[in-house]
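Working notes, structure below.
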Amino acid sequence: MSLRSTSLLRWALRSQAGALAASSGASVVRQVMLLAVPYFVQRAIDDGIRTGDLGTAGLWALAVAVAAAVHCAGLVGWAWWANLADARVGVALRGRLAVHVAALDDGDLNDGDLGRGDLAMRVTRDVDQVRVWVHGLPTWAVIGTTFAVTLPAITALDPVLLYATLAMIPPLVLVNVYYPPRFGRALDTLSDAHADRADAVADLLSASAAVRGLGGEGRLVERHHERSAAVFGATVAAARISATWAALGPMVPRLAVAAGIGFGGFAVLDGTMTVGGLVAFTSWMITITLAVRVSVDRLIDRKQAVVAAGRLTEVLALRPRMPDPDHPAPLPASGELTASGLVAVKGGRVIGPLDLTVRPGELVVLTGPVGSGKSTMLRLLGRREAPQTGSVAYGGVDLTAASSADTAATLVLVPQRPVLVSGTIADNLKLGRDLDQQELLAACRAAALDLPLDTEAGERGGALSGGQVQRLAVARALLGRPPVLLLDDITSALDTDTEARLLAGLRTWAPHTAIVIASHRPAVVEAADRVIDLALAEVAHG
Numbered sequence: 001m002s003l004r005s006t007s008l009l010r011w012a013l014r015s016q017a018g019a020l021a022a023s024s025g026a027s028v029v030r031q032v033m034l035l036a037v038p039y040f041v042q043r044a045i046d047d048g049i050r051t052g053d054l055g056t057a058g059l060w061a062l063a064v065a066v067a068a069a070v071h072c073a074g075l076v077g078w079a080w081w082a083n084l085a086d087a088r089v090g091v092a093l094r095g096r097l098a099v100h101v102a103a104l105d106d107g108d109l110n111d112g113d114l115g116r117g118d119l120a121m122r123v124t125r126d127v128d129q130v131r132v133w134v135h136g137l138p139t140w141a142v143i144g145t146t147f148a149v150t151l152p153a154i155t156a157l158d159p160v161l162l163y164a165t166l167a168m169i170p171p172l173v174l175v176n177v178y179y180p181p182r183f184g185r186a187l188d189t190l191s192d193a194h195a196d197r198a199d200a201v202a203d204l205l206s207a208s209a210a211v212r213g214l215g216g217e218g219r220l221v222e223r224h225h226e227r228s229a230a231v232f233g234a235t236v237a238a239a240r241i242s243a244t245w246a247a248l249g250p251m252v253p254r255l256a257v258a259a260g261i262g263f264g265g266f267a268v269l270d271g272t273m274t275v276g277g278l279v280a281f282t283s284w285m286i287t288i289t290l291a292v293r294v295s296v297d298r299l300i301d302r303k304q305a306v307v308a309a310g311r312l313t314e315v316l317a318l319r320p321r322m323p324d325p326d327h328p329a330p331l332p333a334s335g336e337l338t339a340s341g342l343v344a345v346k347g348g349r350v351i352g353p354l355d356l357t358v359r360p361g362e363l364v365v366l367t368g369p370v371g372s373g374k375s376t377m378l379r380l381l382g383r384r385e386a387p388q389t390g391s392v393a394y395g396g397v398d399l400t401a402a403s404s405a406d407t408a409a410t411l412v413l414v415p416q417r418p419v420l421v422s423g424t425i426a427d428n429l430k431l432g433r434d435l436d437q438q439e440l441l442a443a444c445r446a447a448a449l450d451l452p453l454d455t456e457a458g459e460r461g462g463a464l465s466g467g468q469v470q471r472l473a474v475a476r477a478l479l480g481r482p483p484v485l486l487l488d489d490i491t492s493a494l495d496t497d498t499e500a501r502l503l504a505g506l507r508t509w510a511p512h513t514a515i516v517i518a519s520h521r522p523a524v525v526e527a528a529d530r531v532i533d534l535a536l537a538e539v540a541h542g
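Oh and the sequence shown: position 36 is 36 in the UniProt record's numbering, straight run, nothing missing.
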């Protein structure tokens, strides 16, 4: 995981190299001005205030004001480009994940042991962890500038002060060697706990209504509490390590400050150092202390980013069980859908073989009792699953030679339980397509959907009935005007009158579309040009 994690982090770094370089440059300007202020104050005290030369003191005060103005400009540039870099990485990373996951089906995600809640955590929390790391990268330029400027300046004040400063290096190294691996293991545990709880939340929200009254909702709540407790425990364990790490790091330079003030105080009394020099030393050591604390924070950010990047890479590493060919063949605009010797094996049961040809404008029904494999055969015809044996072709082109995107657009499948997005009826019909209101209304009439376009569908269609969800999915498919429609029991939740309107609307809207419906409803069977009973594996009529 470590190599894949760092590979993704390197990609993020390379993709925003320009913005990060600009941010780092601005941060260096800001830090140089910040570190110059103690020197200007030293000169104002030693050359102006102590000697009574108000003019000199005023000039150095002006220098402090100029440094403050430049410091402000540098800080603005630092923050601007750092924010720009982390925002771009977040957008690009979520875009990569969205495109990649869109090419996968539930089976592919199950192969990766990814629940919906876990996947949501990876797209949100884990992406944000990488963004935080990217945002903090210019800080290393600040830290480097701090040591590059202050160490020579402290040496110029008094070599003894340098020794006190350098004495803090060994304990700092020890602290930053001891804690990172322990924190990394704690983060792994915490990320897994968050993923498990997210899955429990998803189950609680989606399944609680289905098991209410059966006693199952109590178990779902109990499981959520158990996993929340695991998140709490893992959070406390990780926080304990990070808090100790973050506290010990700055403590070391504070001890160096104490030692430096002691040595510096004697030097002032001996006359080998000025009061202004001691003030400058104290200011620089406070800045070094801050730099050490921030460096620990950045190391913590990196550990979190490495763990998050590993989880994101696991998603990006998933591959479809039916990958596209290297050189996909285009599917024709029209043609016959042909299945030859199509066989599937489900739970040790053989479904098929099926030989079938569906011509443009023809309506074929796959029927049979519950569990006979109607939905499975429909998915095989649309190449949503791979058959055990046999082949499917459209217009003479084997679907294994075509891209999955071309296949999905040409052979549109409406499942028995369609998925809707949160929003209105119009939002679900358009899905980003440029369609006018009249087209939407016409498709709804064809699908026998009598709902205003501004009706809210609710989360995943929760505000609609099962029949309304099915008809909305049919209308959405009709708007694409595909040459083949594969409809899985789309009238199962409809009354007979609405079912008749829908079947008539399909014929009117798509007179040249090849339609295959999986159903055992009498009205659907009666409307078919041909009926194939999978239980008998023969043409029933037509």
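Just so it is clear, CB atoms sit at the ideal spot from N, CA and C, and this is done for glycine as well.
Do residue i and residue j have their C-beta atoms closer together than 8 Å?
i: Ala339; j: Leu356; result: yes
i: Leu366; j: Leu378; result: yes
i: Asp105; j: Arg384; result: yes
i: Ala329; j: Val397; result: yes
i: Val414; j: Val474; result: yes
i: Ala141; j: Ser27; result: yes
i: Val412; j: Leu472; result: no
i: Gly277; j: Leu157; result: yes
i: Val296; j: Gly265; result: no
i: Leu429; j: Ala443; result: yes
i: Val134; j: Ala12; result: yes
i: Leu337; j: Leu381; result: yes
i: Leu506; j: Ala457; result: no
i: Trp81; j: Ala17; result: no
i: Pro360; j: Pro482; result: no
i: Leu35; j: Thr146; result: yes
Could you compute how far the alpha carbon of residue i sits from the alpha carbon of residue j?
i: Pro325; j: Pro332; result: 17 Å
i: Arg14; j: Asp128; result: 18 Å
i: Leu441; j: Leu451; result: 9 Å
i: Gly144; j: Ala200; result: 45 Å
i: Leu502; j: Gly371; result: 25 Å
i: His541; j: Val358; result: A caution first: His541 carries a pLDDT of 42, below 50, which makes its placement in the model unreliable, though a value can still be read off. Spanning the two alpha carbons is a distance of roughly 14 Å.
i: Ser23; j: Arg88; result: 14 Å
i: Gly462; j: Ile425; result: 12 Å
i: Ala500; j: Pro320; result: 38 Å
i: Ile517; j: Asp489; result: 7 Å
i: Ala21; j: Val130; result: 18 Å
i: Asp47; j: Pro171; result: 38 Å
i: Arg30; j: Gly136; result: 15 Å
i: Val37; j: Pro152; result: 16 Å
i: Gly271; j: Val149; result: 25 Å
i: Ala209; j: His224; result: Only weak support is given to the placement of Ala209: the predicted model assigns it a pLDDT of 48, under 50, and the question is left unresolved by the model.
i: residue 543; j: Thr376; result: There is simply no residue 543 to check, as the chain begins at 1 and stops at 542 in what is shown.
State the DSSP-derived secondary structure class of residue i, mapped to helix, strand or coil.
i: Asp118; result: helix
i: Pro369; result: coil
i: Ser391; result: strand
i: Ala528; result: coil
i: Leu399; result: helix
i: Val421; result: coil
i: Ser340; result: strand
i: Gly262; result: helix
i: Arg349; result: strand
i: Thr376; result: helix
i: Asp53; result: coil
i: Thr407; result: helix
i: Leu9; result: helix
i: Thr274; result: coil
i: Leu354; result: strand
i: Leu34; result: helix
Quick one: does the C-beta of residue i sit closer than 7 Å to a heavy atom of the ligand NAP?
i: Gln16; result: The ligand NAP is absent from the structure shown, which contains no ligands of any kind.
Checklist entry - Is there contact between the stretch 509 to 518 and the stretch 463 to 473, where contact requires at least three CB pairs shorter than 8 Å? => result no
Checklist entry - So, do the stretch 409 to 422 and the stretch 341 to 357 have three or more beta carbon pairs nearer to each other than 8 Å? => result no
Item to check | Complete runs of the alpha helix (DSSP H) confined to the stretch 283 to 328 [at least 4 residues] | outcome: none
Next on the checklist: Closer than 8 Å is the cut-off here; do at least three beta carbon pairs connect the stretch 300 to 313 with the stretch 59 to 67?
Outcome noted: no
Checklist entry - Do the stretch 179 to 194 and the stretch 240 to 260 make contact, defined as three or more Cβ pairs closer than 8 Å? => result yes
Next on the checklist: In chain order, what are the residue ranges of uninterrupted alpha helix (DSSP H) at least 4 long that sit wholly in the stretch 130 to 215?
Outcome noted: 139 to 157, 159 to 166 and 169 to 211
Next on the checklist: For the stretch 275 to 284 against the stretch 41 to 49, do three or more pairs of beta-carbon atoms, one drawn from each stretch, fall closer than 8 Å, so that the two count as touching?
Outcome noted: Yes, since at least three Cβ pairs between the stretch 275 to 284 and the stretch 41 to 49 fall closer than 8 Å, the two stretches touch.
Checklist entry - For the stretch 424 to 492, which segments carrying the alpha helix (DSSP H) assignment without a break, of at least 4 residues, lie completely within its bounds, in sequence order? => result 425 to 430, 437 to 446 and 466 to 479
Next on the checklist: My parser needs the alpha helix (DSSP H) runs of 4 or more residues fully inside the stretch 495 to 530; what are they?
Outcome noted: 496 to 509 and 522 to 527
Checklist entry - If you pair each beta-carbon of the stretch 221 to 234 with each one of the stretch 188 to 198, do three or more pairs fall below 8 Å? => result yes
Item to check | Meets three-Cβ-pair contact criterion under 8 Å: the stretch 65 to 84 and the stretch 152 to 166 | outcome: no
Checklist entry - Whole alpha helix (DSSP H) runs in the stretch 70 to 114 with 4 or more residues, listed along the chain? => result 106 to 111
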